[in-house]
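Everything on this sheet refers to the single structure shown next.
There are 2 protein chains.
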Amino acid sequence: MDALQTELLETAHEMADAAGAAILPFFRQANLSEDNKLARGYDPVTEADRAAEQAMRAVLARRRPQDAILGEEFGSTEGESGMTWVLDPIDGTRAFVSGTPTWGVLIGLSTPEQVLLGMVDQPYIGERFWGGFGLAQMRGPHGQGPLGTRATSDLSQAVLFTTFPEVGSKEEGAAFRAVAEKVKLTRYGIDCYAYALVASGQVDLVIEAGLNAYDIQGPIGVIEAAGGVVTDWQGGPALNGGRVLAACNPQLHAQALDILTAMTRM
Amino acid sequence: MDALQTELLETAHEMADAAGAAILPFFRQANLSEDNKLARGYDPVTEADRAAEQAMRAVLARRRPQDAILGEEFGSTEGESGMTWVLDPIDGTRAFVSGTPTWGVLIGLSTPEQVLLGMVDQPYIGERFWGGFGLAQMRGPHGQGPLGTRATSDLSQAVLFTTFPEVGSKEEGAAFRAVAEKVKLTRYGIDCYAYALVASGQVDLVIEAGLNAYDIQGPIGVIEAAGGVVTDWQGGPALNGGRVLAACNPQLHAQALDILTAMTRM
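In order, the protein sequence lines correspond to chains A and B. Count along the first sequence from 1, then add 107; that gives the number in our numbering. Count along the second sequence from 1, then add 107; that gives the number in our numbering.
What follows is the structure, given as structure tokens:
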């Protein structure tokens, strides 16, 4: 990595550290209950989301004021470097309010054409996954090590994840199920954590719909750096969100893409 | 707690420590891939399962030889104390092989009538939940503290979990969906971890079918000690498995039970 790339990666780590510190005091607190939420007149997950995005923006204001920002909570801030930080302070708010440690802090750094750097952080478990500039790494309870996707070459051997069984619209759900019928195992419900598992070589496919840019840029950076492929359901770029197919390698990606494309043809 | 209860709880902690140490070397290892599994002629999750149950049985042989054992991997061992340790070394093997840290080591201690002590341990995250003898506690990345279920009093405010969207048979799936239609949020896919979240006051209901005694005795001990209710779908004891309804309190339990009973009446 050159000096700029090192600076950008260090900035991402500092942002994730700041976001995690801002969020954890809200995770699994009693005041997350609906009653307290109404009584106190605020929504703790929204509070945590905002505090985390503010913490990340403070790091950027100090270290990278020349870059643009697109955040889930506070929208767009212009820049002059040609690069944009794309931030989802808590991806998986339903996981968050259910106490499940499968939500994550998502950080992407991109040009309009491609994701340069991605990070997925789960601060409760203490796990972080990042990729970009020729590097794909994770650290967690077992220590730090390289990421790498699986070599699974046929759908019949693949493990597939999505978050909600309905996936999206009726058409999107049917397309998902057409892939699910071909795979070895389909699992549900773990939000952005599933993308980290693709990058870690644990699972093979994630298929989702209705995503925003900030839901997917962090995962794209990590998965692509680890050897995987992330596109929309027509094989085009996914960095602006929408319907997303993430696969562990080009061969498996092509097999799943054929089905999704055929099932959603206009 | 009296001296015997203290000894039993310490034994359970030692068993969970031993099981976690036996399992973690197998979790997320490259040789979990299907190819390696075939090439090496063994199934790592089964290896981990067996190693963990053997480790727990070794603790029992030393500390509690007078107690019976029912384990998922090695079946029944007779005892003379009237108490049985009911062990699932890895509950959630599909989570395990997918790299998702929602599998758990389940330990129950029971008489034929009731669960005396339950433990749910997730060694990768470093989280342990236990209940019995008037105590309900957890420890994890945030430290140690008491468990307590939620006061949610109406289904319309409840968060419901199950592992597989299909739940079980066609009739069982329909009964589940009849409850799911009434709740605020339904989530899927996190195995035994969902029971720990009921005990932790994070979610309200778990509904599953087709369970074995060793799948549910650990959770029963933890949830009951934390203020929750666990029965089968007719309101009877669930400690032998089958169809299970776990609820955060008696009021919510009754509302869900009414629906499940009506939907599965012979």
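Where is the CB? At the ideal position from N, CA and C, for every residue including glycine. None of the values given here were measured: they were computed from a predicted structure.
*Which of helix, strand or coil DSSP assigns to Phe-240/A*: Three-state result, Phe-240/A: coil.
_Nearest-angstrom Cα separation, counted from Thr-338/A out to Thr-256/A_ = Approximately 16 Å between the Cα atoms of the pair.
*Hey, quick one: how far does the beta strand (DSSP E) through Gln-358/A stretch, first residue to last?*
That residue, Gln-358/A, is in no beta strand (DSSP E); its alpha helix (DSSP H) goes 357–370.
*Can you find a CB in chain B that lies within less than 8 Å of the CB of Thr-207/A?*
Answer yes: the Cβ-Cβ gap between Thr-207/A and chain B drops below 8 Å somewhere.
*asked:* Can you find the residues in the same chain that come closer than 6 Å, C-beta to C-beta, to Val-290/B, ignoring five residues on each side of it along the sequence?
replied: Leu-262, Ala-265 and Leu-267, listed in sequence order.
*Taking C-alpha atoms, which residue in Ala-281/A, Ala-282/A and Gly-182/A lies nearest to Gln-161/A?*
With distances taken between Cα atoms, Gln-161/A lies closest to Gly-182/A.
_As assigned by DSSP and simplified to three states, the class of Arg-246/A_ = Reduced to three states, the DSSP call for Arg-246/A is strand.
*Distance, Phe-271/A Cα to Glu-331/B Cα*: Computed Cα separation, rounded: 30 Å.
*Say yes only if the C-beta of Glu-331/B is nearer than 7 Å to one or more non-hydrogen atoms of the ligand SAM, and no if none qualify.*
Of the ligands one can find in the structure shown there are none, so the ligand SAM has no counterpart to examine.
*What do you get for Ala-168/B, buried or exposed, if any count of 16 or more other CB atoms within 10 angstroms of its CB means buried?*
By the Cβ neighbour-count rule, Ala-168/B is exposed, with fewer than 16 other Cβ atoms within 10 Å of its own.
*Spatial neighbours of Ala-282/B within its chain, please: CB distance less than 6 Å, with the 5 preceding and 5 following residues excluded, ordered by chain position.*
Excluding residues within five positions, the ones whose Cβ falls inside 6 Å are Leu-367, Met-370 and Thr-371.
*Alpha carbon to alpha carbon, how far is Val-152/B from Val-204/B?*
One alpha carbon belongs to Val-152/B, the other to Val-204/B, and they sit about 7 Å apart.
*Identify, in the order they occur along the chain, each residue of the same chain with its Cβ nearer than 7 Å to the Cβ of Ala-258/A, setting aside the five sequence neighbours on each side.*
Counting only Cβ-Cβ distances below 7 Å, and skipping sequence neighbours, we find Asn-356.
_Taking beta-carbon pairs under 7 Å, can you tell me which members of the region 203–234 of chain B lie near chain A?_
Hits within the stretch, in order: Ser-205, Gly-206, Thr-207, Pro-208, Tyr-231, Ile-232 and Gly-233.
_Runs of alpha helix (DSSP H) lying entirely within the region 277–339 of chain A, each at least 4 residues, in chain order_ = Counting only runs of 4 or more, we get 277–287, 300–306 and 320–332.
*asked:* Taking its Cβ as the centre, do 16 or more other Cβ atoms sit within 10 Å of Gly-250/B, making it buried, or is it exposed?
replied: Per the 10 Å Cβ criterion, exposed.
*Could you give the residue range of the alpha helix (DSSP H) that holds Gln-112/A?*
Per DSSP, Gln-112/A belongs to the alpha helix (DSSP H) from 110–130.
_Residue closest to Leu-312/B, alpha-carbon to alpha-carbon, out of Ile-197/B, Gln-362/B, Arg-171/B and Ser-217/B_ = For the options Ile-197/B, Gln-362/B, Arg-171/B and Ser-217/B, the alpha carbon positioned closest to that of Leu-312/B is the one of Gln-362/B.
*Burial state of Val-212/B, where buried means 16 or more other Cβ atoms lie within 10 Å*: With 16 or more Cβ atoms within 10 Å of its Cβ, Val-212/B is classed as buried.
*Could you tell me if Pro-172/B is buried or exposed, where buried requires 16 or more neighbouring beta carbons within 10 angstroms of its beta carbon?*
Counting Cβ neighbours within 10 Å, Pro-172/B comes out exposed, since fewer than 16 surround it.
*asked:* Can you pull out the residues from the region 297–310 of chain A whose beta carbon lies closer than 9 Å to at least one beta carbon of chain B?
replied: So the list reads Ile-297, Tyr-300, Ala-301, Ala-303, Leu-304, Ser-307, Gly-308, Gln-309 and Val-310, given in the order they occur along the chain.
_Per DSSP, the bridge partner or partners of Glu-234/A_ = BP columns for Glu-234/A point to Gln-229/A.
*Does any CB atom of chain A fall closer than 8 Å to the CB of Tyr-295/B?*
Taking a beta-carbon distance threshold of 8 Å, Tyr-295/B counts as an interface residue toward chain A.
*the region 233–260 of chain A: which residues have C-beta closer than 7 Å to a C-beta of chain B, in chain order?*
Listed by position along the chain: Gly-233, Pro-248 and Arg-257.
*Is the beta carbon of Ala-125/B sitting closer than 8 Å to the one on Met-226/B?*
Cβ distance not < 8 Å, so Ala-125/B and Met-226/B don't count as in contact.
*Return the first residue and the last residue of the alpha helix (DSSP H) that Pro-151/A is part of.*
Per DSSP, the continuous alpha helix (DSSP H) segment holding Pro-151/A begins and ends at 151–170.
*Keeping to the same chain, check which residues put their C-beta closer than 7 Å to that of Gln-112/B; ignore five residues upstream and five downstream.*
Hits under 7 Å: Phe-240.
*Indicate whether at least one CB of chain A lies closer than 8 Å to the CB of Ala-126/B.*
In terms of beta-carbon proximity, Ala-126/B stays away from the interface with chain A, with every pair separated by 8 Å or more.
*Exposed or buried, which one is Glu-114/B when buried takes at least 16 other CB atoms within 10 Å?*
Exposed, by the Cβ-count rule.
*Report yes or no: do three or more beta-carbon pairs, one from the region 314–334 of chain A and one from the region 343–355 of chain A, lie closer than 8 Å?*
The region 314–334 of chain A makes contact with the region 343–355 of chain A: 3 or more CB pairs, one atom from each, lie closer than 8 Å.
*Say whether chain B places a C-beta atom closer than 8 Å to the C-beta of Gln-362/A.*
No, its Cβ sits nowhere closer than 8 Å to a Cβ of chain B.
*With DSSP collapsed to three states, give me the class of Ser-140/A.*
Summary for Ser-140/A: the model assigns pLDDT 49, below 50, so the residue's position carries little reliability, and this model does not support an answer.
*Leu-364/B versus Leu-223/A: straight-line alpha-carbon distance, rounded*: Distance between the alpha carbons of Leu-364/B and Leu-223/A: 52 Å.
*Nearest neighbour of Met-122/B, chosen from Glu-220/B, Ser-307/B and Pro-196/B [CA to CA]*: Per the Cα distances, Pro-196/B.
*At least one CB of chain A closer than 8 Å to the CB of Val-266/B: is that the case?*
The beta carbon of Val-266/B falls within 8 Å of a beta carbon belonging to chain A, placing the residue at that interface.
_Measuring only the C-alpha atoms, how far is Ala-230/A from Leu-194/A?_
Reading off the sequence shown, one finds Pro at residue 230/A, where the question assumed Ala. Roughly 16 Å between the two C-alpha positions.
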